[in-house]
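Protein chains in written order, with my numbering: chain A, 1 to 355; chain B, 1001 to 1290.
C-beta: ideal position from N, C-alpha, C; glycine also.
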């Protein structure tokens, strides 16, 4: 292990000793990357513990810790273990999924505005969910399936409409905004035709909420993410090369269009998982990669830090959404839209000034 | 043109004999060649039935008027365009059959346009040239480190290595992109209009760098606009017009008043460059001079 200089960024180089029986390993890890990720993880753990403790039944920290260790009082085991733990965990993993998928989209479009929200997936998922709730009076599972189908159809549509000799980032965003706008009017029309109960249910689901989620959502989500995230992390070096432009990337041995399609697909799978579990939670995918990038001061939108940031963001947003107007609980989506919306305006103004 | 079997790689000094458009076979070895290549974008065919070869160890420059297909040919050689017919051969094997990274370890390209991600340092950009040599677990081997350092040294960008690419001048930035292509460590390097957008001093600086790289044994293939620069720096010229190769040979053989008129439609005098001794084109202009 050595520290390198002259690279402009402090980094650590890890290399397996030569002639070792193990496969050769060599990595260069940015120091700031380690510090930022460790800091974000520590903050996540802190917020996690707070989220488990506070609420209508306040549980002291040592009872929370005892419960996590397998002990605790019967009351704390119920409140922390059964009610709050799965929800807080879901906040972290769903936020991580959204953050990572946002990083994929922003890397592919080379644009901080690129996110599954902007290119129409979320609106399409909402349409799918609405159709199921309003026309078939669907339960949780049916709504989730409807959302995934709606989101995928929209994504395929946007991809096809934006395709011209391969996919170019900016066209993907423009087409996505157009398709989103058309779909949101469909969504509004669907809601106006619904009866009051259905409309209420659709509105709550449609803003994205972690309320009422438990272990039966946590385990499948966790299992799927354990499959998808490593695949995407394996794409990370290729995504980095793609940021140099297609010609340079291909000259360096990358199958540009194949990598793009694959990363896009897995990115959409990540949002689909999150949407199916909690409804379309807006803006985490847009904001998390950019916050991570600023914290890292790096050139690329990195997948792992974006995921960690996303987890922290959604967990914190959900905590605030639950406690800010207690006993009234807001859907977490309302929170992320408010915070994310403000950030989005700032980003647009800033991008506008740069040109 | 008759197809040649690959022979053992020969040293750079092997002279390339002239081939003309009608197609006499060259006697030199050429790892990289095209065989009856037809190439274009979408439905538009740019070049048809091209059979050119890139002599090993040469500094080959492709010249010709705008839209004659010279960049298209270069993109074909780099596998950025898929042939509609015919093939590009490296060591007698179609480059379409090479793996992505496998070809990128043999043939490098400095593209016409590249994007440097915002806020990337020179070092990190040059390091990305190592991609074809890296695997999932070997992202930064001792070889990578050595190659990047060598590329920075060769392009005199070592002292820039901690700077952000966005902050550099046009000339510096182009040198950094060259460094990235060098870090790739390919025996063959393709350069697509590398001097465009640079002032004359930086153009010469870059061309001198290419000459130096060539003298170290690399095969270079460049598309250049300036015929005089091509005549001065190339060891082998390929003249193209309307998607076809008009002539191939040394600058001395090719840069003649007749050929410049034929290829560019420009009447000119050709004199000896007083500094380098190579042929030099002096346009006559449209005014009727003798």
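Under the assumption that residue 305 (chain A) contacts residue 33 (chain A) (Cβ atoms under 8 Å), give the Cβ distance between them as a whole number of angstroms. 7 Å
Taking a contact to mean a Cβ-Cβ separation below 8 Å, would you say residue 80 (chain A) touches residue 222 (chain A) in this structure? no
For residue 1237 (chain B) versus residue 1281 (chain B), is the C-beta distance shorter than 8 Å? no
Cross-chain neighbours of residue 26 (chain A) in chain B, by beta carbon under 7 Å: 1138, 1139, 1140, 1141
Quick one, which of B:1262, B:1221, B:1277, B:1261 has its alpha-carbon nearest residue 1056 (chain B)'s? B:1221
Assuming residue 1233 (chain B) is part of the alpha helix (DSSP H), what are its boundary residues? 1227-1233
Does any C-beta atom of chain B lie closer than 8 Å to the C-beta of residue 241 (chain A)? yes
Is the beta carbon of residue 155 (chain A) sitting closer than 8 Å to the one on residue 124 (chain A)? yes
Count the other CB atoms, across all protein chains shown, that sit within 10 Å of the CB of residue 1167 (chain B); report buried if there are 16 or more and exposed otherwise. exposed
Within a Cβ cutoff of 8 Å, which residues of the same chain sit near residue 23 (chain A), ignoring the five residues on either side of it in sequence? 16
Exposed or buried, residue 226 (chain A), counting other C-beta atoms within 10 Å across all chains shown (16 or more means buried)? exposed
Which word fits residue 1206 (chain B), buried or exposed, when buried means at least 16 other C-beta atoms lie within 10 angstroms of its C-beta? buried
What are the uninterrupted segments assigned as alpha helix (DSSP H) that are 4 or more residues long and contained completely in the segment 155-215 of chain A, given in chain order? 169-192, 196-207
Taking Cβ positions only, does residue 998 (chain B) come closer than 8 Å to chain A? The first residue shown for chain B is 1001 and the last is 1290, placing residue 998 (chain B) beyond what the model contains.
If we count Cβ pairs, one from each stretch, closer than 8 Å, do we get three or more for the segment 1100-1110 of chain B versus the segment 264-284 of chain A? no
Coarse secondary structure for residue 1025 (chain B), derived from DSSP in three states: Residue confidence is low: residue 1025 (chain B) scores 41 on pLDDT, short of 50, so the model does not pin down where it sits. Its coordinate-derived value is still stated next. Reduced to three states, the DSSP call for residue 1025 (chain B) is coil.
Starting from the beta carbon of residue 1184 (chain B), find every residue of chain A whose beta carbon is closer than 7 Å, and list them in chain order. 252
Are the C-beta of residue 1124 (chain B) and some C-beta of chain A separated by less than 8 Å? yes
Flag residue 1083 (chain B) as yes if its beta-carbon sits less than 8 Å from any beta-carbon of chain A, otherwise no. no
Helix, strand or coil for residue 246 (chain A) per DSSP? helix
On the three-pair Cβ rule with 8 Å, is the segment 1117-1126 of chain B touching the segment 1191-1199 of chain B? no
How would you write the range of the alpha helix (DSSP H) that residue 126 (chain A) sits in, first residue to last? 121-136
I want to verify the contact list: residues of chain B whose CB lies under 8 Å from the CB of residue 309 (chain A), in sequence order. Within 8 Å Cβ-Cβ: nothing; residue 309 (chain A) doesn't reach chain B, min ~18 Å.
Any chain B beta carbon closer than 8 Å to residue 13 (chain A): yes
Top-ranked residue by Cα proximity to residue 91 (chain A), from A:164, A:35, A:261, A:208: A:208
If I'm right that residue 157 (chain A) touches residue 132 (chain A) with Cβ under 8 Å, what's the distance once you round it to whole angstroms? About 19 Å; that fails the 8 Å criterion.
Considering only residues of the same chain and omitting the five flanking positions on each side of residue 274 (chain A), which have a CB-CB separation below 6 Å? 94, 97, 98
Is residue 1147 (chain B) near residue 1173 (chain B), with beta carbons less than 8 Å apart? no
Just how far apart, CA to CA, sit residue 1128 (chain B) and residue 322 (chain A)? 45 Å
Please confirm if residue 1070 (chain B) has its CB atom under 8 Å from at least one CB of chain D. No chain D is present in this structure, whose protein chains are A and B.
Taking the Cβ atom as the reference point for each residue, do residue 264 (chain A) and residue 108 (chain A) lie within a distance shorter than 8 Å? yes
Do you know how far the Cα of residue 1134 (chain B) is from the Cα of residue 1083 (chain B)? 28 Å
Backbone secondary structure at residue 1279 (chain B) - three-state DSSP: strand
Integer-rounded CB distance, given that residue 1079 (chain B) should sit under 8 Å from residue 1062 (chain B): Actually they are not in contact, since the Cβ atoms of residue 1062 (chain B) and residue 1079 (chain B) sit about 17 Å apart, beyond 8 Å.
Assign residue 349 (chain A) to buried or exposed, taking buried as 16 or more other Cβ atoms, counted over all protein chains shown, within 10 Å of its Cβ. exposed
Along the alpha helix (DSSP H) that carries residue 1104 (chain B), what are the first and last residues, could you check? 1100-1104
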